[in-house]
Amino acid sequence: MPMKVVVCVKQIPDPAGELRLDPASHNLVRDGKLILDESDSYGVEMGLQLAEQAGGGEVTLVSMAPHSETSGLRTALAMGAAGAILVSDRALEGTDALGTAKVLAAAIRRAQPDLVLAATESSDGYTGTVPVQIAELLGLPSVTFSKKVTVNGDKVLVERQTEQGYDEVEVPLPAVVTVTAGVVEPRYPSFKGIMAAKSKPVEELTVADLGLDPASLGAGGSRQQVVSVVPAEARAAGEIVTDDGEGFQQVLAYLERIKVI
Amino acid sequence: MAVGTLLSDELEMFRRTVEHLANKTVAPVAALHDREGSFPYEVVEEMGRLGLFGLPFPAEYGGMGGDFFALCLAIEELARVDQSVAITLEAAVSLGAMPIYRFGTEEQKQRWLPDLLSGRALAAFGLTEPGAGSDAGGTRTTARLQDGQWVIDGSKAFITNSGTSITKLITVTAVTGPGREISAIVVPTPAAGLTVEPGYSKVGWHASDTHPLSFDGVRVPAENLLGEPGRGYANFLRILDEGRIAIAALAVGAAQGCLDESVRYAKEREAFGRPIGANQAIAFKLARMQARAHTARLAYYDAAARMSAGLAFKAQASIAKLVASEAAMDNARDATQIFGGSGFINDTPVARHYRDSKILEIGEGTSEVQLMLIARDLGL
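Taken in sequence, the protein lines are chains W and G. Numbered as in our numbering, the first sequence ends at 261 without a single skipped number. Numbered as in our numbering, the second sequence ends at 380 without a single skipped number.
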């Protein structure tokens, strides 16, 4: 049975480049060229594999980005996704997580997928809330932190990572599933795939196209405010244990002290 | 192809992809294969999966539909971290598969290319002989037709990719008639009478598979003739011109790899209370290394652009090969100096580049041959 998978992808500033925060809003400046968030490459790969296993179907990307940015989408299209829906609108500047979820949910609704995949969280904003908000808005079941995803007929079976091990969860399709990094090995886009991606369809939509109320989006509609930002603490030098045959005891004592065991 | 020296979005994405593969898959095992002198089959497999062996060939034979410049970009990125892997790709494509694609009959292409372009099999090209290096016309190996078969006798030297477990073909040039008529013949391997001698003890390129070959009455069907009889030498001159651009790309990768390693080290390593890069003696060395890598890159981009545009490129290929191989060797020497004692330890990437880079001034036409060709282009 051909399967239609939507993968939510985020295009982010290259983490290897220089990153800046806007002094007023404390939001990440996204003026330059954006790339595919690496954590989304796992969802794309998972989507492609599930479509292949289903014996057909296709992966559609859904993304929201400023300045009609498609660079990151092209990477995922080069990997094998069939097409993309991009929502880009000046009115979306300053949109918070819930607003983003509203936009993505509206775009996903147009695609009518059997399954929606997303990363557990983005590598830049890291709220980790958008996928479950999308599920709620669409009225779909959601499973987070998947380390294994199997589609079986009209159900999806998920091994959900927990601190102790994993839960086996089964939900009916359509559903929203978030995948952890490393769940699958993302393929490299081949030269042929990269060239083919050039001519794959990217449907660009505005807030009006989605029939959403602009007042509930953007900085004005945002119910979330970043009050202050402080630099992360520099990593302190590690503690070196010299093993004289009893080194393990010191390691155990240390682990107990930080309450890991 | 590049517009000026800026890569198109697609080529830049491709370059980044190969860069990622080089860092993630190739670099971690480079020192190991260098030390053991082992062929990196697992790396070749991964490169095959990415389609690198089929880059400049059309899809009908299993290729990627790219061009020679895309191949050069891939070679440069791989050479940055491991020259052995880069030369394995370069030789497999421009010496192994390209002659079959360019001079083969439709039937030969259908039969041999799909396996070569997927990286499942490698083809080698036997031109150089113990007594015929830069003077490739001095070929002694002979092939005579007998009962519908070519009977090949002679020996070849320094043949890349000729002894791996996935080597399936060796194309050899041989004298096939009077007046030093040289033709090319494809020998499927293994073959009775063909001995792949033990690999050389080389200064560098340890993970690249290189052997002397001896042919003692090796018989292959008459239809294994590649291209027209007597065109063997002329055909391969074109192949060698292209190969020079690819070797220039490889050398640029080496020069860049030396620079990247050195810049990182110069920022990290402290002496007398500050990073060594804060000393002008080191900073100027690094600036010079950057200038060498950059100009050599421009030279090979230009030669490749001329080739793709169908313009004469022989002199530009020679210039690129000359300056890029010198850039690699000079950068390797500077890099090992910056690394100090560590630069003399075989496992460090710069020490490997130091050993690996020397051959760049020798293989695919020595620097002297390049100068000869450039001078000839000046009408001298």
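All residues carry an ideal CB built from backbone N, CA and C; glycine is no exception.
Query, Result
"Meets three-Cβ-pair contact criterion under 8 Å: the segment 100–108 of chain W and the segment 50–64 of chain W", "yes"
"DSSP state of PRO66 (chain W) mapped onto helix, strand, coil", "helix"
"ARG74 (chain W): contacting residues in chain G (beta-carbon distance under 9 Å)", "ASP9, GLU10, MET13"
"Any chain G beta carbon closer than 8 Å to SER123 (chain W)", "no"
"Separation of GLU163 (chain W) from VAL260 (chain W), as counted between CA atoms", "12 Å"
"Under the three-state DSSP convention, the category GLN249 (chain W) falls into", "helix"
"Neighbour-count burial assignment, VAL176 (chain W), 16 or more Cβ in a 10 Å radius", "buried"
"Where ARG288 (chain G) sits in the DSSP three-state scheme", "helix"
"Closer than 8 Å to chain G by CB, LYS198 (chain W)", "yes"
"Cβ contact check for the segment 213–230 of chain G and the segment 288–302 of chain G: 3 or more pairs under 8 Å", "no"
"Collapsed DSSP secondary structure at HIS206 (chain G) in the structure displayed", "coil"
"Three-state secondary structure (DSSP) of GLY62 (chain G)", "coil"
"Residues from the segment 20–41 of chain G in contact with chain W, defined by Cβ distance under 8 Å", "HIS20, LEU21"
"Residues that ARG144 (chain G) bridges to, as DSSP identifies them", "G:VAL151"
"Cβ shell of GLU69 (chain W) (< 6 Å), same chain only, five flanking positions each side left out", "GLN11, LEU34"
"Minimum Cβ-Cβ distance from PRO172 (chain W) to chain G less than 8 Å", "no"
"Within chain W, partners of MET64 (chain G) - CB distance below 7 Å", "SER190, PHE191, LYS192"
"The segment 105–123 of chain G / the segment 161–172 of chain G touching (three or more Cβ pairs under 8 Å)", "yes"
"Proximity to LEU92 (chain W) [Cα-Cα], best of W:LEU210, W:VAL227, W:PHE248", "W:LEU210"
"Same chain, Cβ closer than 6 Å to ALA332 (chain G), five either side skipped, listed in chain order", "CYS258, HIS353, TYR354, SER357"
"Minimum length 4: unbroken alpha helix (DSSP H) runs contained in the segment 21–92 of chain G", "27–36, 41–49, 68–81, 83–90"
"Residue-chain proximity (THR88 (chain G), chain W), Cβ-Cβ < 8 Å", "no"
"Completely contained beta strand (DSSP E) runs for the segment 189–252 of chain W, where each covers 3 or more residues", "202–205"
"From G:GLY340, G:ILE362, G:GLU368, G:THR160, residue whose alpha carbon lies closest to that of ALA251 (chain G)", "G:ILE362"
"Coil, strand or helix - GLY99 (chain W) by DSSP", "helix"
"Interface partners of ALA78 (chain W) on chain G, CB under 7 Å", "MET13"
"Contact list for GLY51 (chain G) against chain W, beta-carbon separation under 7 Å", "SER190, PHE191, LYS192"
"Residues of its chain near LYS148 (chain W), where Cβ-Cβ distance is below 6 Å and the 5 sequence neighbours each way are ignored", "GLU159"
"Outcome for ASN235 (chain G) when other beta-carbon atoms lying within 10 angstroms are tallied against a minimum of 16", "buried"
"Same chain, Cβ closer than 8 Å to THR127 (chain W), five either side skipped, listed in chain order", "ALA97, GLU121"
"Which listed residue (W:GLY245, W:MET195, W:PRO186, W:VAL227) has its alpha carbon closest to that of VAL44 (chain W)", "W:PRO186"
"According to DSSP, residues forming a beta bridge with SER142 (chain W)", "W:VAL176"
"Those residues which DSSP pairs with GLN337 (chain G) across a bridge", "Paired residue(s): none; GLN337 (chain G) is not in a bridge."
"Chain G contact for MET3 (chain W) (CB, 8 Å cutoff)", "no"
"Uninterrupted alpha helix (DSSP H) stretches inside the segment 294–369 of chain G (no shorter than 4 residues)", "314–339, 349–357"
"For CYS258 (chain G), the residue or residues it bridges with in DSSP", "Paired residues: none, contrary to the question."
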